[in-house]
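Q: Keeping their order, the protein sequence lines are chains D and C. Here the first sequence is numbered in my numbering, starting from 1 and rising by one per residue. Here the second sequence is numbered in my numbering, starting from 1 and rising by one per residue.
Number of protein chains: 2
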Amino acid sequence: MSSPFISELVRSLARLPGIGPRSARRLALHLLSNREKTMFPLIQQMARTAEKVTTCSVCGNLDEMDPCEICSNPKRNRSLVCVVQGIPDLWAIERTRLYDGVYHILGGVLSALDGVRPDDLSIGELCRRAANDGVEEIILALSATVDGQTTAHYIADRLTGAPVRITRLAQGVPVGGELDYLDDGTLIAALRSRSRISG
Amino acid sequence: MSSPFISELVRSLARLPGIGPRSARRLALHLLSNREKTMFPLIQQMARTAEKVTTCSVCGNLDEMDPCEICSNPKRNRSLVCVVQGIPDLWAIERTRLYDGVYHILGGVLSALDGVRPDDLSIGELCRRAANDGVEEIILALSATVDGQTTAHYIADRLTGAPVRITRLAQGVPVGGELDYLDDGTLIAALRSRSRISG
Chain D
1 MSSPFISELV
11 RSLARLPGIG
21 PRSARRLALH
31 LLSNREKTMF
41 PLIQQMARTA
51 EKVTTCSVCG
61 NLDEMDPCEI
71 CSNPKRNRSL
81 VCVVQGIPDL
91 WAIERTRLYD
101 GVYHILGGVL
111 SALDGVRPDD
121 LSIGELCRRA
131 ANDGVEEIIL
141 ALSATVDGQT
151 TAHYIADRLT
161 GAPVRITRLA
171 QGVPVGGELD
181 YLDDGTLIAA
191 LRSRSRISG
Chain C
1 MSSPFISELV
11 RSLARLPGIG
21 PRSARRLALH
31 LLSNREKTMF
41 PLIQQMARTA
51 EKVTTCSVCG
61 NLDEMDPCEI
71 CSNPKRNRSL
81 VCVVQGIPDL
91 WAIERTRLYD
101 GVYHILGGVL
111 SALDGVRPDD
121 LSIGELCRRA
131 ANDGVEEIIL
141 ALSATVDGQT
151 TAHYIADRLT
161 GAPVRITRLA
171 QGVPVGGELD
181 YLDDGTLIAA
191 LRSRSRISG
């Protein structure tokens, strides 16, 4: 690449998550070859989004308003709080169109390896919400990983004494999953939590 | 995604080559969560690059100057023109640091399937360069695909009568390639163009 502008752009793109040097080169070329149709609209869109979108002071979601659309929606059940690691998890649960409660975004999970400690997450804020906001149930919707479950246990401990019910997502066979390919841990969890069909 | 700004940004990112809906969501979140460090610098860099970078009127390369740094470099051998499909190929050849000639970017290859016809490529421009600019050799560095080789044949036909030598890249076993994994076509080409070691 002869132009330092292009190589700098390629380097910046390659630093984004999930984009390697090869895709960064391809992206930069695509953008520069489609300036009117792609690059300028994308620049404007990024600038507008960066300016308009803010973090919800109640749950930590990103939205144009604060509190966010979910927290300020009167149809949402505010006594039900779903605790998730990050915004992608919130989006995933919203896509189910099943959940009508509100959220609390932790901002990560505890991790000795990555040096994430309780103060790095919004756990104190969650305890305040549990104590004050008429919350009746807190769903710990954290990943079924060691770090996720450690975090869930830690939060359950911290909430001891708060007048709330604490629940977690069911563990078991994924829908469409074949038993033969399941790991033992999932199979054990599915057996332990088996549900009655009849009799 | 509750915010239309975020969903619009995700949709635009997902339209870029090599980025699916999942990576687009991840990218948008990464950008919005790192506005100062990543998103604003990237916006500025994209705007600056879009403004500064232009297409070389001689070879079709992208650069800050026109003619581009390669075409205007007096150390480059202007009697040697390497014809490539696109700028990524130019970059790949430049990375070898072996080639000291100049380039001609076709802007694609002929393709009946994709409806790419000779007029869509810069073939006429190449013929003019071959006739006027003291060009002695034209290297057709096109992909060893059906479309690439069709295009090479077509260009060689069009250049019949021009006072230039026309060459193409060698075909054979890729360096580090295992014979066992090679396709028959490559093996046949490598056998036909075998070179003498001794005797």
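In this text, a Cβ means the ideal position worked out from N, Cα and C, and glycines have one as well.
(1) Let me see if you follow: with CB-CB separation under 8 Å, is Ser23(C) close to chain D or not?
(2) Taking the runs of the alpha helix (DSSP H) that are 4 residues or longer, which of them lie wholly in the stretch 118-185 of chain C?
(3) To the nearest angstrom, how far is it from the Cα of Gln149(D) to the Cα of Ser143(D)?
(4) Counting only beta-carbon separations shorter than 8 Å, does Lys37(D) have a partner in chain C?
(5) Hey, His153(C) and Arg129(C): beta-carbon distance below 8 Å or not?
(6) Are the C-beta atoms of Gln85(C) and some chain D residue less than 8 Å apart?
(7) Relative to the ligand GDP, is the shortest distance from any of its heavy atoms to the C-beta of Gln85(D) smaller than 7 Å?
(8) Give me the residue from Pro174(D), Arg196(D), Thr38(D) with the minimum Cα distance to Leu200(D).
(9) What three-state label does DSSP hand Ile19(D) in the structure shown?
(10) Strictly by DSSP, which residues pair up with Asn34(C)?
(11) The alpha helix (DSSP H) with Cys56(C) in it runs from where to where?
(12) Within 8 Å, do at least three Cβ pairs link the stretch 33-46 of chain C to the stretch 93-104 of chain C?
(13) Go ahead and pull the three-state DSSP assignment for Leu90(C).
(14) Would you call the stretch 23-31 of chain C and the stretch 11-22 of chain D in contact, with 3 or more CB pairs under 8 Å?
(15) If you check the beta carbons only, do Val83(C) and Ala141(C) fall under 8 Å apart?
(16) At the level of alpha carbons, what is the spacing between Arg117(D) and Val109(C)?
(17) List the residues of chain C that Ile43(D) touches, going by C-beta distances under 8 Å, in chain order.
(18) Select from Glu8(C), Arg76(C), Gly115(C), Asp114(C) the residue whose C-alpha is nearest the C-alpha of Leu98(C).
(19) Does the distance from the CB of Ser79(D) to the CB of Glu137(D) come in under 8 Å?
(20) May I ask you to report which of helix, strand or coil DSSP gives Arg78(C)?
A: In brief:
(1) yes
(2) 123-132, 146-158
(3) 7 Å
(4) no
(5) no
(6) no
(7) The model on display carries no ligand, and the ligand GDP is accordingly not part of it.
(8) This structure cannot speak to residue 200(D), because chain D is shown only from 1 to 199.
(9) coil
(10) In DSSP, Asn34(C) forms no bridge with anything.
(11) Careful: Cys56(C) lies outside any alpha helix (DSSP H) and carries neither H nor E.
(12) no
(13) helix
(14) yes
(15) yes
(16) 56 Å
(17) Ile43, Met46, Ala47, Ala50
(18) Arg76(C)
(19) yes
(20) strand
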